[in-house]
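From first to last, the protein sequence lines are chains A and B. First residue of the first sequence: 1, per UniProt numbering; consecutive thereafter. First residue of the second sequence: 1, per UniProt numbering; consecutive thereafter.
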Amino acid sequence: MYLEIVTPEASLVAGEVESITVPGVEGEFQMLNNHAPIVSVLQEGKVKFKGNPTIAEGFEKKFTQEDGKWVLQISGGTVECNNNRVMVLAD
Amino acid sequence: MANLKEIRNRISTVSSTMQITSAMKMVSAAKLKKAQDAITAMRPYSEKLTELLQNLSATLDADTGSKYSEQREVNKVLVVAITSNRGLAGAFNSNIIKEARNLAANTYAGKQVDFMTLGKKGNDILKKSGTVIENNNAIFDELSFENTSEIAEKLMLLFSEGKYDRIIVVYNHFKNAATQLVMTEQFLPILPPKPIEGQEAKTSETFYIFEPSKEEIVEALIPKSLKTQLFKALRDSVASEHGARMTAMHKATDNATELRDALKLQYNKARQAAITNEILEIVGGAEALAG
């Protein structure tokens, strides 16, 4: 599945991933391939994804590695998943 | 005929002015490039947000009265004027000031109109003719989404508390490096989204799971979209400022070149006249001796 993480200031991540975990306001949840279309509001927490998408230059410091997954701390946002494309609007 | 030394001094003054203006032009060109990139960088975010919001509001009943879309009788208006901290940018700042005053004097004549200024130049002038409730110069030192959010939140609070019935943003829209358009955008209350023609059917194609409810998502998205709107206006204004300054400095350099050439011609003429005079004197003197 294709993941994109964008902030108002820049596009951080774009590329193929195996799984994504996001901090929804009603609890953390994970999306795998062929997930049903969903729109959800995110709260403060960690976005984790497995895979090797392209991370925008200059923003590598924002990401950490944890159990073979990339981790990004966000303060809130929105996620949309449709047709194996996941778009995270992070603040 | 002006004396030679005077002209020489003027030539050197004009040349050093020219150096400054051409350096400023190059600095602005570099900053403009950066500012344009920044506008491009935020486009995916703002487009996706607008798309989500439009899809959602289209499926909701028209009247899901968010506290930010409440239409009240307009008595108190706040005009947010976005200018710059520095001058030497042609009509960049004066256009905004003119438009802000025009809003107060004509469009909202007889209403209470206050200003909020972002940028020193606007504040300096508007505070003489009206009430400036707040000024923020620091925003341009570090233009981040976080800093913009603070201002947007303040504006949202002013509106929802009923201190103002309408909030309007006036800024320079970046069309291209040479052209800036003065935009007057209504910030609050939110105007109902205009349905884009031919896109109406698209909304029902996908059945999304909404978590939490649609209404709550819209509630959460509206403040974000307002912040993005203000952020976009600020970024647009910054790019316009550099564009305007670049054009102004380009013209200044051209004018200085023209002036320098004219002065050089005058200088050479004066020099030649002086030499001719001298020769005439010498010849006259020699003839007098010979005679």
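Note that CB positions come from ideal geometry on N, CA and C, so glycine has one too.
{"query": "Minimum Cβ-Cβ distance from Leu-89 of chain A to chain B less than 9 Å", "result": "yes"}
{"query": "Alpha-carbon spacing of Ala-100 of chain B relative to Val-170 of chain B, whole angstroms", "result": "7 Å"}
{"query": "Nearest-angstrom Cα separation, counted from Glu-4 of chain A out to Gln-65 of chain A", "result": "18 Å"}
{"query": "Buried/exposed call for Phe-231 of chain B, threshold 16 Cβ in 10 Å", "result": "buried"}
{"query": "Cutoff 9 Å: Leu-32 of chain A Cβ touching any chain B Cβ", "result": "no"}
{"query": "Contact list for Phe-174 of chain B against chain A, beta-carbon separation under 8 Å", "result": "Correct list: empty, because the minimum Cβ distance to chain A is about 17 Å."}
{"query": "Chain A contact for Thr-247 of chain B (CB, 9 Å cutoff)", "result": "no"}
{"query": "Residues that Val-6 of chain A contacts on chain B, provided the C-beta gap is smaller than 8 Å", "result": "Pro-44, Tyr-45, Lys-48"}
{"query": "Cβ-Cβ separation, Arg-245 of chain B to Ala-89 of chain B (assumed contact under 8 Å), whole Å", "result": "4 Å"}
{"query": "Inter-residue Cα distance where the pair is Ile-38 of chain A and Ile-222 of chain B", "result": "19 Å"}
{"query": "Nearest-angstrom beta carbon gap, Val-22 of chain A and Val-79 of chain A [assumed within contact, 8 Å]", "result": "5 Å"}
{"query": "Asp-261 of chain B - DSSP class collapsed to helix/strand/coil", "result": "helix"}
{"query": "Buried or exposed by the 16-neighbour rule on C-beta atoms within 10 Å, applied to Ser-40 of chain A", "result": "buried"}
{"query": "Delimiting residues of the beta strand (DSSP E) encompassing Lys-175 of chain B", "result": "166–176"}
{"query": "N- and C-terminal bounds of the alpha helix (DSSP H) containing Met-87 of chain A", "result": "That residue, Met-87 of chain A, is in no alpha helix (DSSP H); its beta strand (DSSP E) goes 85–90."}
{"query": "Where Ser-12 of chain B falls, given that 16 or more other Cβ within 10 Å makes a residue buried", "result": "exposed"}
{"query": "Residue interval of the beta strand (DSSP E) (run including Ser-11 of chain A)", "result": "11–24"}
{"query": "CB contact check: Phe-231 of chain B to chain A, cutoff 9 Å", "result": "yes"}
{"query": "Unbroken beta strand (DSSP E) run spanning Ser-40 of chain A, endpoints", "result": "38–42"}
{"query": "Touch test, the stretch 37–51 of chain B against the stretch 126–133 of chain B, Cβ-Cβ under 8 Å, three pairs minimum", "result": "no"}
{"query": "CA-to-CA distance, Val-14 of chain B to Arg-43 of chain B, given in whole angstroms", "result": "43 Å"}
{"query": "Cutoff 6 Å; reference Glu-185 of chain B; Cβ partners in own chain excluding five residues on either side", "result": "Val-169"}
{"query": "Buried or exposed by the 16-neighbour rule on C-beta atoms within 10 Å, applied to Gln-229 of chain B", "result": "buried"}
{"query": "CB contact below 9 Å: Gly-26 of chain A versus chain B", "result": "Position check: residue 26 of chain A holds Glu in this sequence, whereas Gly was assumed. At least one chain B Cβ lies under 9 Å of Glu-26 of chain A."}
{"query": "Chain B within 9 Å of Val-41 of chain A, Cβ atoms only", "result": "yes"}
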